[in-house]
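Trainee: For the sequence shown, my numbering assigns the number 777 to the last residue and increments by one with no breaks.
Glycine included, each C-beta is placed from N, C-alpha and C at the ideal position.
Starting off with a structure, shown below.
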Amino acid sequence: MTERKAIESWLTDMDGVLVHEGEPVPGAPEFVNRMKASGKPFLILTNNSIYTPRDLQARLNRMGFDVPEESIWTAALATAQFLADQRPGGTAYVIGEAGLTTAMHAAGYVLTEFDPDYVVLGETRNYSFEQITKATRLIDSGARFICTNPDATGPSNEGALPAAGSVAAMISKATGVDPYFVGKPNPMMMRSALNTIEAHSESTAMIGDRMDTDILCGLEAGLETILVLTGISTREEAERYPFRPSRIVDSVAELIGEI
519 MTERKAIESW
529 LTDMDGVLVH
539 EGEPVPGAPE
549 FVNRMKASGK
559 PFLILTNNSI
569 YTPRDLQARL
579 NRMGFDVPEE
589 SIWTAALATA
599 QFLADQRPGG
609 TAYVIGEAGL
619 TTAMHAAGYV
629 LTEFDPDYVV
639 LGETRNYSFE
649 QITKATRLID
659 SGARFICTNP
669 DATGPSNEGA
679 LPAAGSVAAM
689 ISKATGVDPY
699 FVGKPNPMMM
709 RSALNTIEAH
719 SESTAMIGDR
729 MDTDILCGLE
739 AGLETILVLT
749 GISTREEAER
759 YPFRPSRIVD
769 SVAELIGEI
């Protein structure tokens, strides 16, 4: 492989990399705390749009991570920033929770169900048929369709849950309109994260546990990619993809010495 520059900044997924089934991955708090102490730019990324960065900060801090709120970058933030760049001061009908609605308000958007510029679909614990029907009719009437992330399922203690990607597919089937997905594996999320910490792709690494989102996204954004085996993808599964990560490690604990 082409020799890369030394890593000066870090992007890392959260679930499956730092946290697994509600518990910290062994060595992960030390890894994050080392990044913070080093002064190197870093962001923790998540496609989950339910929570605000402050919510996630509190969750991580309870597990021993010393993470400032501004070091967390969600698909909700990336979506709100994208829309603010595309159509400043616009309007949107939003299906989602505080993580998304807070980000949309902060980006200067008005949330409305009356002739909105966009229908924005995010994650929520309570998708309702009424909301989905409203979104379908607004898109039929000309609203543009945006979804925070394409994940078909999400994790829970009881097993997989339908996620935003599945609900988006339902709305697309009803309207004939496909959404624009902002979150991973769209490299736009990587680029917005890089811009947030003023980092350069050639000296940044992306750590993830999924070949189809984290690694693909990092690869297409020109980053060094590191697959960890504490989440979804296994070493054997990684070999079946037509692209490869820059390297595979058992967990982020192996990377502490590189910070």
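The alpha helix (DSSP H) with Val550 in it runs from where to where?
Mentor: Per DSSP, Val550 belongs to the alpha helix (DSSP H) from 546-556.
Trainee: Rounded to whole angstroms, what's the CA-CA distance from Ala555 to Thr671? Just pull it up for me.
Mentor: Using only the alpha carbons, I get a separation of about 35 Å.
Trainee: Measuring straight from C-alpha to C-alpha, what distance separates Met581 and Gly660?
Mentor: When rounded, the distance between both Cα atoms is 45 Å.
Trainee: Beta carbon of Ala594, beta carbon of Thr630: below 9 Å?
Mentor: Against a cut-off of 9 Å, the Cβ pair of Thr630 and Ala594 comes out as no contact.
Trainee: Among Asn565, Gln575, Tyr636, Lys558, whose alpha-carbon lies nearest the alpha-carbon of Ala602?
Mentor: Minimum Cα distance to Ala602 is reached at Tyr636.
Trainee: When the Cα atoms are used, what is the spatial distance from Arg577 to Glu588?
Mentor: When rounded, the distance between both Cα atoms is 14 Å.
Trainee: Just list the alpha helix (DSSP H) runs in the region 563-595, keeping only unbroken ones of 4 residues or longer that don't cross its boundaries, in chain order.
Mentor: Runs of the alpha helix (DSSP H) inside the region 563-595: 571-580.
Trainee: So does the region 559-566 actually touch the region 749-766, counting three or more Cβ pairs closer than 8 Å?
Mentor: Verdict: no, contact absent.
Trainee: Suppose you measure from the CA of Phe583 to the CA of Asp732; what does that come to, to the nearest Å?
Mentor: Distance between the alpha carbons of Phe583 and Asp732: 21 Å.
Trainee: When the Cα atoms are used, what is the spatial distance from Phe663 to Arg572?
Mentor: The alpha-carbon atoms of Phe663 and Arg572 are separated by roughly 27 Å.
Trainee: Indicate whether the contact test is met: 3 or more Cβ pairs, each with one atom in the region 679-694 and one in the region 709-721, closer than 8 Å.
Mentor: With the cut-off at 8 Å, the region 679-694 and the region 709-721 do not touch.
Trainee: In terms of alpha-carbon separation, which member of Ala546, Ala524, Arg522, Lys523 lies closest to Asp531?
Mentor: When only C-alpha atoms are compared, the closest one is Ala546.
Trainee: Please look up how many angstroms separate the CB atoms of Pro634 and Leu656, rounded, as I've assumed it's under 8 Å.
Mentor: Yes, Pro634 and Leu656 are in contact; Cβ-Cβ is about 6 Å, under 8 Å.
Trainee: Can you tell me whether Arg765 is buried or exposed? The criterion is at least 16 other CB atoms within 10 Å of its CB, across all chains shown.
Mentor: Looking at its Cβ environment, which holds fewer than 16 other Cβ atoms inside 10 Å, Arg765 is exposed.
Trainee: Taking DSSP as the reference, what is the three-state secondary structure of Ser769?
Mentor: Coil.
Trainee: Do the CB positions of Ala682 and Leu639 come within less than 9 Å of each other?
Mentor: Yes.
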